[in-house]
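As structure tokens, the structure follows; a few thoughts come after it.
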Amino acid sequence: MFTATLPAGQYLTALHEGGPDGLAAVTDELLAHAVRFDREGDRWGARLETYFTDPAVEPDPAKWTTEVAIRLAD
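For the sequence shown, my numbering begins at 9 and goes up steadily by one.
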């Protein structure tokens, strides 16, 4: 675990229900809806994934929940 502060700004987010193999499609869908996303940014990365499900507690990937967030351009 680590802590950090995200750059200020607006983020487009989506919740994904299922295993990690579907996260690329979620990211593509978000990028399709983002009028302009922050390509340059602060070099922290193009997107953030937050995992709400602990695989040790719930081993079935179909029941996992992940939030994907992409910072929009100012």
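Backbone N, C-alpha and C fix where the C-beta goes; we use that ideal spot for every residue, glycine too. This structure is a prediction, so every number in the text was calculated from the model and none was measured.
Buried versus exposed call for residue i [16 or more other C-beta atoms within 10 Å across all chains shown]
i	result
arginine 44	exposed
aspartate 23	Inspection of the sequence shows that residue 23 is occupied by leucine rather than by aspartate. Its Cβ having fewer than 16 others within 10 Å, leucine 23 is exposed.
valine 76	buried
Whole-Å CB distance - residue i paired with residue j, under 8 angstroms assumed
i	j	result
leucine 31	threonine 74	6 angstroms
C-alpha distance - residue i paired with residue j, whole-angstrom precision
i	j	result
proline 42	alanine 33	Reading off the sequence, residue 42 comes out as alanine, not proline. Looking at the two C-alpha atoms, the distance is approximately 14 angstroms.
alanine 16	leucine 56	14 angstroms
threonine 11	tyrosine 59	14 angstroms
alanine 64	leucine 80	33 angstroms
threonine 35	aspartate 82	19 angstroms
alanine 70	aspartate 29	11 angstroms
glycine 27	tryptophan 72	6 angstroms
aspartate 62	glutamine 18	27 angstroms
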